[in-house]
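Numbering (this note's numbering), first residue to last: 22 to 72. See below for the structure under consideration.
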Amino acid sequence: MKTMNAPDAINGKEGRAYAKINGNNEELFYAKTIEATVEKTKADIKPSESA
């Protein structure tokens with residue numbers, strides 16, 4: 022299961038775009054403003070009952 026770490030959060034101070042080319046992450050450009058749409062799924066997690 023993947024989790025989101027604090028450094029992965031969107032930061033309002035910077036915008037950068039990267040592309041993976043031949044296994045290397047190459048920086049493409051910086052963004053001054055950006056608009057994004059996110060779709061999320063929320064689920065209730067119930068603790069498992071141990072026997």
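Note that CB positions come from ideal geometry on N, CA and C, so glycine has one too. In this text the structure is predicted, and so the values were computed from the model without any measurement.
Could you tell me the alpha carbon to alpha carbon distance between residue i and residue j, rounded to whole angstroms?
{"i": "aspartate 29", "j": "glutamate 70", "result": "33 Å"}
{"i": "phenylalanine 50", "j": "lysine 67", "result": "43 Å"}
{"i": "glutamate 60", "j": "alanine 52", "result": "22 Å"}
{"i": "lysine 34", "j": "threonine 58", "result": "18 Å"}
{"i": "arginine 37", "j": "lysine 23", "result": "23 Å"}
{"i": "methionine 25", "j": "threonine 62", "result": "14 Å"}
{"i": "alanine 40", "j": "aspartate 65", "result": "35 Å"}
Can you give me the start and stop residues for the beta strand (DSSP E) that residue i sits inside?
{"i": "asparagine 46", "result": "45-51"}
{"i": "lysine 41", "result": "37-42"}
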